[in-house]
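In order, the protein sequence lines correspond to chains P and X.
Under this note's numbering, the first residue of the first sequence carries the number 2, and numbering increases by one thereafter.
Under this note's numbering, the first residue of the second sequence carries the number 764, and numbering increases by one thereafter.
Taking it in order: structure first as structure tokens, then the write-up.
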Amino acid sequence: MSNLTLIAILLMLMAVAYQMGLMRSRAVARGSSERMHSRPGYYGWLVALWCGLPALLVFLIWSAVEPSVIRAVVLSELPPEMANLTAQQITVLMRRLNDIASGFGVAGDIAPYEAAAADALSRLRNIGQLAKISVMASLALAGLVVARRRIQAGLRARNHVEKVVSVLLALCSGVAILTTVGIVFSMFGEAMHFFSFVSPIDFFFGTTWNPRFSTTGAGGQGEFGLLPLLWGTLMVSFIALLVAVPIGLMTAIYMAEYAPSWLRSVAKPVIEVLAGIPTIVYGVFALLVIGPFFASVGNMLGIQIRATSALTAGFVMGVMIIPFVSSLSDDIITQVPQSLRDGSLGLGATKSETIRQVVLPAALPGIVGAFLLAASRAIGETMIVVLAAGNSPVLHANPLEAVSTVTVTIVNQLTGDTDFASPQSLVAFALGLTLFVITLGLNVVALYIVRKYREQYD
Amino acid sequence: MSNETLSERAIIQSRVEKSLRRRHARETRFRLFGLGAVMAGLAFVALLFISILVRGLPAFWQSAITVDVFFDPAVIQVDPQPVFQTGESPQAFREREIAWQSQLTMVNWNRIMENSIIALKPELEKQRRDVRALFTSSERFRLRDMVIEDTSLIGKTVKLDLLADANVDVWVRGNIDRSLPDSQQQLRAPVRDLADALKAEGVLNIKFATPLFTNPDSRSSPAAAGLAGAFMGSLFMMMIVIFLAVPVGVASAVYLEEFAPRNRFTDLIEVNINNLAAVPSIVFGLLGAAIFINWFRLPLSAPLVGGLVLSLMTLPTVIIATRAALKAVPPSIRQAALALGASKVQMVFHQVLPLAIPGVLTGAIIGVAQALGETAPLLLIGMNAFVANIPATPFEQSTALPVQIYLWQGNELRNFFEARTSAAIIVLLSMMISLNALAILLRKKFERRW
């Protein structure tokens, strides 16, 4: 019986329990002169929860623990000469045993000890499965019977059910924390693993990126200098901001101060479409349209512009973050109190003077916050740079040349590779940690600035 | 004296007028700048969509060769299809069936396809190799599958649209420079002439590219490469996001907005969610690779892992949108419910949440759309593997629509796959646009102003 059927049966049992609770509470209500504490549905829920929750808990714990217990037992029963296998060999052996036990068949002859172990494996699995099902079934039935018997007029069923509901809600909000913890721990753990191969100083201050291939083995360690990648990231992001900030800010100003309402209601959603387009689409757009366009412009001017370069990637990324800048700035500009504008206009300033000398300075902290958020978005962007930046991790200052960034390198080093033993793939986690810290820092600062500014006018 | 003041006044006035003119000119310039910026934004949107449409739309049609295919019994020499006999074990029957199918696979299907053209042009008997080059290689499996479905076809003639090879398609539709010398052409000269002749005779036609929607990806037979596999992968992942990220996200938003006590722990969760929303998506891919694949040993390239990673990624979006929707419900509703004796849970689940449903749905749809378009984290959990069949469960290997776009844009057969890539983008974008339109529709229909 697969786990899914097991859960489905449990759910059905819970539905039955609900009905039984419902009926029982109605019967009790008819039989007694006392008023029931809760509405009948709550008694039904209470019985269903008593029936389902303990069994579900057992199921979860059992599923988490069972594989490792069985594995340990099977390994301990292996003949003594097999005791000093390496972790790799054990993995291979277990996979083989699995295949034998499931009747899939394996390549080569099956050694007697393998047959015995596979036999033990499937026997243990069957026992485990049966034990799990019987424990779950008895718990579910016991819960059902006990809860049903406890139904009386005075039972505060609603309070019990609501307690469970609020605990469940709180657990759900814990998932967000768990995700962050997961990110930090996985990054940190694997990055530490990486730093056992390469010293942090070589990583953070190295100016050469040449990781070599892990398969060449003896070919040497490779050099893992972060600086060329970080430089590429900054260059691309800077170009992106150079495109997005003027256009985005002017769009926001025009929308907030000048645009007639019909234009606003048309243009605003259309420009925000840019934010919803998948980044892979921007990447292909850069590769097929913008890159060749820049290259031909370069040809006309007699300058060498590569089709895949920091300029191409940065430009397209800038287009992508225009809506971030414009909608955030728009919000902030419209929050500036009207009295400030009126005062300035009353003194005889023109509208543009009011905007430049009164509104913008008042909105400045918030706008800076918006820029920082846009910058963090640009730094973490992946697919555009993967496709359009050319991937050449060399330190140089020419934006018309190909560059590589932190995100591109993460993709290159880890794509399809699950061998987490070589520095070549582990470096992705050190890079990811760097990226995480940078974007987190930018966000914290930006949110702080935005929030602080909001308080001023509230 | 009065003359002097007059002239002084005139000077001042002219100076003021001058400066006014300057200031007004500046005003106009500024306004034009603003308008220019808006226009630039709109122009980018237009450029993006037009360039993709222009490139991608032609790929929804492709060359097919309409011929009478004769399932020649002289070529298809196989035993009769095995029939289940009473007393036989199912396993033995299955083995016999597989043996029969592999016998069918060995049939020279190419010869049947070649014969269908040679029946039209007997002079080509000597150039079978050129005739074969017209068809994309996967069509022979299609013929085989047709016979497996219905053995009575053997000996019959059926009119079929056989897909032309990708290079033939490129040549016929002029996507390659026809004046290039032979050495740079992808097709041999006789095949090119043959293709042109068939086109002129109306045998080779441009038909709607159904394989684009019904086939999985294919490497050996590019003309038959389709999006069905990637689509199923994306569908599985979206289902996982809907069943995981949306309930958990709504539940945690409800908790934070309605139940959570104001304390440090709640603040921590709040800061946490805001920061999670801004974590680059690729970091979630690293998380997936380290935790789900390396630690929990979940299968590589499976939509299950992709769905989990995308769920974690969209969780903050759903939470933030749901909280905004809950906040928009006026406190008077809550007070009224409480005043009538409802408990807090009853108030939330019977009054507040139903009123917030449109906003919650909008947030959920936007989250799902975000998950649908995400590529980078999927690359790190192996979903960029080449998968030549349509996944039937979320545990099988699969790609996703955006990853398929990434794979196709890198294909070496550029002049064929450039259009296919853009066509795939059109499919992806139309899915995303319909999701977003649905969100807007919901918001418009159920929006309530208090």
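Beta carbons: idealized from backbone N, C-alpha and C, even for Gly.
It should be emphasised that the depicted structure is a prediction, and the values quoted were computed from it without experimental measurement.
Residue i: contacting residues in chain X (beta-carbon distance under 8 Å)
{"i": "Val274(P)", "result": "Val808"}
{"i": "Leu436(P)", "result": "Pro1043, Ile1045, Val1046"}
{"i": "Thr313(P)", "result": "The contacting residues do not exist; Thr313(P) stays about 14 Å from chain X at best."}
{"i": "Ala177(P)", "result": "Ser1015, Ile1032, Asn1035, Ile1036, Leu1039, Leu1078, Pro1079, Ile1082"}
{"i": "Leu170(P)", "result": "Ala1014, Ser1015, Val1017, Tyr1018, Phe1022"}
Nearest-angstrom beta carbon gap, residue j and residue i [assumed within contact, 8 Å]
{"i": "Thr868(X)", "j": "Arg892(X)", "result": "Contact doesn't hold; Cβ gap of about 21 Å is too wide."}
{"i": "Leu950(X)", "j": "Ser826(X)", "result": "Rounded, the Cβ-Cβ distance is 12 Å, inconsistent with contact."}
{"i": "Ile385(P)", "j": "Thr309(P)", "result": "The Cβ separation is near 11 Å, so there is no contact."}
{"i": "Ile322(P)", "j": "Gly797(X)", "result": "Actually they are not in contact, since the Cβ atoms of Ile322(P) and Gly797(X) sit about 19 Å apart, beyond 8 Å."}
{"i": "Val910(X)", "j": "Ile839(X)", "result": "7 Å"}
{"i": "Val1150(X)", "j": "Leu170(P)", "result": "Not confirmed; about 39 Å, so no contact."}
Assigned secondary structure, residue i (DSSP; H/G/I helix, E/B strand, else coil)
{"i": "Thr217(P)", "result": "Note that Thr217(P) scores a pLDDT of 47, beneath 50, so its modelled location is shaky; the value from the coordinates is reported in the next line. Helix."}
{"i": "Val830(X)", "result": "strand"}
{"i": "Gly299(P)", "result": "helix"}
{"i": "Lys922(X)", "result": "strand"}
{"i": "Asn968(X)", "result": "strand"}
{"i": "Val93(P)", "result": "helix"}
{"i": "Gly349(P)", "result": "coil"}
{"i": "Gly391(P)", "result": "strand"}
{"i": "Phe898(X)", "result": "strand"}
{"i": "Asn1057(X)", "result": "helix"}
{"i": "Asn1152(X)", "result": "coil"}
{"i": "Gln776(X)", "result": "helix"}
{"i": "Val404(P)", "result": "strand"}
{"i": "Thr1085(X)", "result": "helix"}
{"i": "Asn160(P)", "result": "helix"}
{"i": "Asn4(P)", "result": "helix"}
{"i": "Asn211(P)", "result": "strand"}
{"i": "Pro1062(X)", "result": "coil"}
{"i": "Ser39(P)", "result": "coil"}
{"i": "Glu382(P)", "result": "coil"}
{"i": "Glu1210(X)", "result": "coil"}
{"i": "Gly315(P)", "result": "helix"}
Residue i beta carbon near the ligand ATP (any heavy atom closer than 7 Å)
{"i": "Pro68(P)", "result": "Among the ligands in the structure shown, none appear at all, so the ligand ATP cannot be discussed."}
Proximal residues of chain P, C-beta to C-beta of residue i below 8 Å
{"i": "Met1000(X)", "result": "Near Met1000(X) there are no residues of chain P at all, since even the closest Cβ is about 14 Å away, more than 8 Å."}
{"i": "His1113(X)", "result": "None at all; the shortest Cβ gap to chain P is about 12 Å."}
{"i": "Glu1181(X)", "result": "Leu289"}
{"i": "Phe1149(X)", "result": "Those within 8 Å of Phe1149(X) in chain P number zero; the least Cβ separation is about 10 Å."}
Amino acids of chain X, ordered along the chain, whose beta-carbon sits closer than 7 Å to that of residue i
{"i": "Asn444(P)", "result": "Asn1038, Ala1041"}
{"i": "Gly183(P)", "result": "Leu1050, Ile1054"}
Cross-chain neighbours of residue i in chain P, by beta carbon under 7 Å
{"i": "Glu790(X)", "result": "Thr351, Lys352, Ser353"}
{"i": "Ser1106(X)", "result": "Arg159, Glu163"}
{"i": "Leu975(X)", "result": "By Cβ distance, chain P contributes nothing, its closest Cβ being about 17 Å from Leu975(X), past 7 Å."}
Interface partners of residue i on chain X, CB under 9 Å
{"i": "Thr252(P)", "result": "Gly797, Ala800, Val801, Ala803, Gly804"}
{"i": "Leu227(P)", "result": "Correct list: empty, because the minimum Cβ distance to chain X is about 16 Å."}
Contacts of residue i in chain P (Cβ-Cβ under 9 Å)
{"i": "Leu1192(X)", "result": "Ile278, Pro279, Val282"}
{"i": "Arg936(X)", "result": "Chain P residues near Arg936(X): none, gap ~18 Å exceeds 9 Å."}
Enumerate, from N- to C-terminal direction, the unbroken beta strand (DSSP E) stretches of 3 or more residues contained entirely within the stretch 901 to 949 of chain X. 920 to 926
Evaluate contact between the stretch 804 to 818 of chain X and the stretch 847 to 861 of chain X, counting only Cβ atoms and requiring at least three cross-stretch pairs below 8 Å. no
Length at least 4, wholly inside the stretch 224 to 307 of chain P: the alpha helix (DSSP H) runs in chain order: 228 to 254, 262 to 277, 280 to 286, 292 to 302
Is it true that the stretch 1099 to 1106 of chain X meets the stretch 1149 to 1160 of chain X, where meeting means three or more beta-carbon pairs spaced less than 8 Å apart? no
Do the stretch 275 to 294 of chain P and the stretch 332 to 341 of chain P make contact, defined as three or more Cβ pairs closer than 8 Å? no
Give a yes or no on contact between the stretch 1118 to 1125 of chain X and the stretch 1026 to 1040 of chain X, applying the rule of three or more CB pairs nearer than 8 Å. no
At 3 residues or longer, what runs of the beta strand (DSSP E) sit wholly inside the stretch 820 to 893 of chain X? 824 to 833
Between the stretch 1090 to 1098 of chain X and the stretch 1063 to 1076 of chain X, can you find at least three pairs of beta-carbon atoms closer than 8 Å? no
Would the stretch 433 to 452 of chain P and the stretch 377 to 390 of chain P be scored as touching if the rule is three or more Cβ pairs under 8 Å? yes
Counting Cβ pairs closer than 8 Å, one from the stretch 1072 to 1092 of chain X and one from the stretch 1136 to 1143 of chain X, do we hit at least three? yes
At a cut of 8 Å, does the stretch 61 to 74 of chain P reach the stretch 156 to 165 of chain P through at least three beta carbon pairs? no
If you pair each beta-carbon of the stretch 811 to 826 of chain X with each one of the stretch 967 to 976 of chain X, do three or more pairs fall below 8 Å? yes
Can we say the stretch 180 to 199 of chain P touches the stretch 1039 to 1055 of chain X, given the rule of at least three CB pairs closer than 8 Å? yes
Does the stretch 1194 to 1208 of chain X come close enough to the stretch 1020 to 1033 of chain X to have 3 or more Cβ pairs within less than 8 Å? no
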